[in-house]
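Going down the list, the protein sequences come from chains F and H. Numbering that gives the first Met the number 0 applies: residue 0 is where the first sequence begins, and numbers increase by one. Numbering that gives the first Met the number 0 applies: residue 0 is where the second sequence begins, and numbers increase by one. We put the CB at the ideal spot given by N, CA and C, even for glycine. Computed from a prediction, not measured in an experiment: that's the story for all the values here. Beneath this line is the structure, given in structure tokens, with notes to follow.
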Amino acid sequence: MESPKTEEEKLQMFFDGELAPEEEASVRRSLEGSPEAAAQLREWEQLRAAMKSVATDWAGEIDSDALFARIENEISAPAVPIERLKLEQPALRVVPGGRERRVWGGVATGFAAAAAILLAVMAWPEPHLDPAPIVRGSQVLEADFGSNTGTIFEVEGGAGQSLAVIWIDDEEVGLP
Amino acid sequence: MNQPLSNASKSEEASEGSSKKGDHDLVQRVQAGDSAAFRALYDKYHRRAFAVAMGVVKNEDDALDAVQNAFIKVHKNIHKFQGSSSFYTWLYRIVMNVSIDHVRRTSRRKTLDFDERALHEESEVAGDGALVPRVTDANPGKAALRRELGSAIQAALAELPEHHRAVIVLREIEGMSYEEMSEALEVPKGTIMSRLFHARKKMQVALAPYLSGEVVSED
């Protein structure tokens with residue numbers, strides 16, 4: 000149910016043409032004996048006229064075609080398909096981690112990863128019986144990046160050996 | 000004096016009805032991929048959208064950006080528009096949101112780009128290809144007064160809280176009804192009325208020296 004209107008509310012609604020006809024007539028009658036209300040209406044009217052006048056100036060000189068051309072350019076700009084974006088990324092293996100303690104987790108896992116590389120290199124079996132050229136390398140099976148993400152690269156060393164390189168991202172990223 | 004005020008609002012209702020029907024048809028055509036219909040909606044509303052944006056942001060270029068972004072959003076999301084509200088209340092909601100977002104972002108970086116803005120204002124005075132040329136008038140004195148009034152209104156609007164600014168711009172510049180403002184701003188009608196009352200009061204105080212009638216007359 001609507002609450003009863005105050006005189007101020009009624010006056011404003013009258014000014015804005017929001018009253019029902021019978022209420023409007025009642026306010027109009029009451030205005031005759033109320034110079035304050037009439038003065039208020041005049042001030043509102045002046046304010047409205049001022050704002051309308053200025054708004055007309057604001058909108059009067061727009062270069063409509065130029066603005067529409069800007070809009071059209073944005074609309075018709077070809078969107079890069081997600082599939083293409085994916086293809087443009089290097090084929091990296093990204094191992095996402097948890098979402099907490101980002102900085103220290105990243106540092107700690109960086110050390111862990113470095114240790115893993117070292118261990119992997121040291122543990123790589125020495126071929127004793129194979130007469131083929133000796134190829135050493137490193138391999139990381141898994142790394143915990145904590146709250147960061149990172150990438151394990153496999154690169155070819157100078158002697159043709161496979162080397163594992165771990166890159167830890169500075170910031171958390173969304174899953175690809 | 001008061002007779003024309005309410006009657007004017009009501010006399011607009013008939014043409015509004017056919018206008019809404021026309022908008023609905025245009026929206027359906029845009030939804031079907033008709034780019035001419037999109038241009039027709041733009042032609043119909045972009046100036047009014049610009050005036051609304053100008054009431055919220057602080058300069059023409061920002062208002063143009065707001066209108067541009069609003070129409071891009073309209074184009075992008077028009078398939079979601081169901082027609083339960085009128086197109087223009089939907090459009091003004093977008094224009095208002097984009098403009099308010101712009102003001103918030105600008106106020107956050109105000110200190111950083113102060114120098115840049117000063118340079119920009121200089122280039123506007125030079126008239127170097129801005130989309131909105133400065134207001135011109137055959138009578139230099141009158142033109143100066145109108146510019147002064149324009150600046151005073153913008154300064155007064157800038158002092159209002161966002162929710163007050165939105166209602167007074169939509170009501171006084173755009174002539175929206177309480178119902179339409181309630182729809183566009185997604186707040187109850189009672190809130191609209193209260194905000195409008197306070198916004199008017201503040202604007203009256205801020206513009207007191209200008210509200211003498213002579214300055215604001217429309218030729």
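Boundaries (first-last residue) of the alpha helix (DSSP H) holding residue i
i, result
"Arg46 (chain H)", "34-55"
"Ala76 (chain F)", "Ala76 (chain F) -> no alpha helix (DSSP H), and no H or E assigned at all."
"Gly189 (chain H)", "188-205"
"Pro20 (chain F)", "20-30"
"Thr220 (chain F)", "Nothing in the structure corresponds to residue 220 (chain F), since chain F is present only between 0 and 175."
"Asp64 (chain H)", "59-76"
"Ala165 (chain H)", "161-167"
"Lys9 (chain F)", "6-14"
"Leu184 (chain H)", "177-184"
With 16 other Cβ atoms within 10 Å as the buried cut-off, status of residue i
i, result
"Thr88 (chain H)", "buried"
"Gly140 (chain H)", "exposed"
"Lys9 (chain F)", "buried"
"Glu171 (chain H)", "buried"
"Ile70 (chain F)", "buried"
"Arg103 (chain H)", "exposed"
"Val154 (chain F)", "exposed"
"Arg46 (chain H)", "buried"
"Gln45 (chain F)", "buried"
"Asp56 (chain F)", "buried"
"Asp22 (chain H)", "buried"
"Val198 (chain H)", "The sequence as given places Ala at residue 198 (chain H); Val does not occur at that position. The residue in question, Ala198 (chain H), is buried, as its Cβ has 16 or more Cβ neighbours within 10 Å."
"Ser161 (chain F)", "exposed"
"Val204 (chain H)", "exposed"
"Glu7 (chain F)", "exposed"
Distance between beta carbons of residue j and residue i, contact taken as under 8 Å
i, j, result
"His163 (chain H)", "Lys201 (chain H)", "7 Å"
"Ile93 (chain H)", "Ala69 (chain H)", "5 Å"
"Ile77 (chain H)", "Val29 (chain H)", "5 Å"
"Ser84 (chain H)", "Ala52 (chain H)", "About 20 Å; that fails the 8 Å criterion."
"Tyr209 (chain H)", "Ala49 (chain F)", "7 Å"
"Leu169 (chain H)", "Ala183 (chain H)", "6 Å"
Beta-carbon neighbours of residue i, restricted to chain F and to distances below 8 Å
i, result
"Gln67 (chain H)", "Leu66, Arg69, Ile70, Glu73"
"Ile152 (chain H)", "Ala49, Met50, Val53"
"Arg170 (chain H)", "Asp15"
"Ile77 (chain H)", "Neighbours of Ile77 (chain H) on chain F: none; closest Cβ ~11 Å, over 8 Å."
"Phe86 (chain H)", "Simply none; closest approach about 17 Å."
Proximal residues of chain H, C-beta to C-beta of residue i below 7 Å
i, result
"Ser29 (chain F)", "The contacting residues do not exist; Ser29 (chain F) stays about 11 Å from chain H at best."
Residues that residue i contacts on chain H, provided the C-beta gap is smaller than 9 Å
i, result
"Gln11 (chain F)", "Met192, Leu195, Phe196, Arg199"
Neighbouring residues, chain H, relative to residue i (Cβ below 8 Å)
i, result
"Glu6 (chain F)", "Those within 8 Å of Glu6 (chain F) in chain H number zero; the least Cβ separation is about 12 Å."
"Ala176 (chain F)", "With chain F represented from 0 up to 175, any question about residue 176 (chain F) goes unanswered, as that position is not in the structure."
"Glu42 (chain F)", "Gln203, Leu210"
Chain-ordered neighbours of residue i on chain F, where CB pairs are closer than 7 Å
i, result
"Gly149 (chain H)", "Val53, Asp56"
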